[in-house]
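One structure is given below, encoded as structure tokens.
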Amino acid sequence: MTRRLTVAAAQLGPIQRAEGRDVAVGRMVRLMEQAHRRGVEVVVFPELALTTFFPRWYEEDRAAADPWFETAMPSNETAPLFEAARRYGIAFHLGYAERTPEGRHFNTAALFAPGGETILKYRKVHLPGHAEFDPIRKVQHLEKRYFEVGDLGFPVTRAPLGAAGPVNAGMLICNDRRWPEAWRVLGLQSVELVMLGYNTPSTNQDARGFEAHHLRVAHSHLSIQAGCYQNATFAVATAKAGTEDGHELFGNSIIVNPQGEIMAEATSWSDELITADLDLGMCELGRTTIFNFGAHRRVEAYGRITAQTAAEAPPEWRPTSG
Ligand code: CDT
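Numbering follows my numbering, in which position 3 of the sequence shown is assigned residue number -11; successive positions increment by one, without gaps.
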């Protein structure tokens, strides 16, 4: 029997620093309404979807950043989103800054069932940027200051999504998409749908003339398309886009199939819903042939992947006989 799932990437345009969560939530509810009209079963919202991308703002006292974090989900402010999900019978993925009851801080994403139950939670592992104010940079990227490294690994669950029955669902958050190890850990759990949100500045401050401007989007797509192909999975990758208080983030949200092909792409850098009808059976081809892990992986040759973090120089070359 064909297993079909209709998904959407609900791209958000910019959220200004002065705007409250109610503004973002109102826009998300409107995207949910559109999703309902298009028969969508799962909506994927971006990373840190409720506020501006606050890690660009330095706070000497880290606790001064706490107002950007959620201590409850749902909360009074996010309740309209949960009500819309229930009204329309749509599951949704939401990225948000999480402060736990113990006072720990994570860059988190959760997948919620239409009834509001948490199906899966993930905390970002690859935190880019820096922990201290960097006077060289025009714009700060302080994820290492405000978040701890995620402590949940890369979980995949058999998620009750839509009419397709259980779907093997996993998540990545923004910078994670550039790391093949993260995709492979999901692939090793037979993931069929990767949900990921991102906030990516459209200018690379470290480019030093070596990375042309247009490659910013190309590298994002390259990473997601390769991750899907090499792990025989679909992905929904959703941006927060546009200019937040003078700082530009690119859009170009995409839905990708297990062949690594882009099925749908956002054309604006503002609020926009893109959708695709997934045939989950497409994951079988890669999984049973070229990327049949059980038949072809050679773990005995991969030791460095987990034994070593930074790159090392190879040994000196010496002539050998034979
Ligand atoms: N949010 C996030 O992870 N953004 C990074 C850009 C980091 S630039 C210091 C990304 O990889 O898209």
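Using N, Cα and C, we set each Cβ at its ideal position, and we do this for glycine too.
**Request:** Starting from F78, follow the alpha helix (DSSP H) in both directions and report where the run begins and ends.
**Result:** Per DSSP, F78 belongs to no alpha helix (DSSP H); it is in the beta strand (DSSP E), A77 to R85.
**Request:** Pull every residue with its beta-carbon under 5 Å away from any heavy atom of the ligand CDT, and keep them in chain order.
**Result:** P114, G115, H127, C160, N161, N185 and T186
**Asked** In whole angstroms, what separates the C-alpha of A265 from that of T(-12)?
**Response** In the sequence on display, residue 265 carries Asp and not Ala. Going from the Cα of D265 to the Cα of T(-12) covers about 7 Å.
**Request:** Following the continuous alpha helix (DSSP H) through M18, name the residue where it begins and the one where it ends.
**Result:** R7 to R23
**Asked** Cα separation between Y44 and F133?
**Response** 13 Å
**Request:** Measure the C-alpha to C-alpha separation of Q245 and E178 and round it to an integer number of angstroms.
**Result:** 12 Å
**Message:** By alpha-carbon positions, which one of M18, K107 and H79 ends up nearest to P66?
**Reply:** M18
**Message:** Looking at I240: is its Cβ nearer than 8 Å to the Cβ of E258?
**Reply:** no
**Secondary structure of N185, DSSP reduced to three states** = coil
**Prompt:** Quick one, which of R131, F220 and F236 has its alpha-carbon nearest K226's?
**Reply:** F236
**Item:** Pairwise C-alpha distance: T219 and A89
**Value:** Correcting the residue identity first, residue 89 is Gly in this sequence and not Ala. Cα to Cα, the separation comes out at about 35 Å.
**Contact set for R163: own chain, Cβ-Cβ below 6 Å, skip 5 residues either direction** = L182, S209 and I210
**Asked** Out of D137, N154 and G115, which has the shortest C-alpha to C-alpha gap to I105?
**Response** N154
**Prompt:** So the beta strand (DSSP E) Y288 belongs to, where does it begin and stop?
**Reply:** First-last for Y288: undefined, no H or E at that position.
**Request:** Would you mind stating whether M268 and N238 have Cβ atoms separated by less than 8 Å?
**Result:** no
**Asked** Apart from the five residues just before and just after E129, which ones in its own chain have a Cβ nearer than 7 Å to its Cβ?
**Response** P41, N93, L113, P114 and G115
**Asked** Leaving out five residues before and five after Q175 in sequence, what residues of the same chain have Cβ atoms less than 6 Å from its Cβ?
**Response** V142
**Message:** Let's see if you can read the secondary structure: which residues bound the beta strand (DSSP E) around Q(-3)?
**Reply:** R(-10) to Q(-3)
**Prompt:** Pick from I276, W169 and E234: whose alpha carbon is nearest that of C214?
**Reply:** W169
**Item:** E27 vs E56 beta-carbon contact at 8 Å
**Value:** no
**Asked** Who does E56 pair with in a DSSP beta bridge?
**Response** E84
**Request:** Just grab the DSSP bridge partners of E234 for me.
**Result:** T229
**Message:** Once the 5 residues before and after R273 are set aside, which same chain residues still bring their CB inside 6 Å of it?
**Reply:** A218
**Request:** Determine, using beta carbons only, whether G81 and F39 come nearer to each other than 8 Å.
**Result:** no
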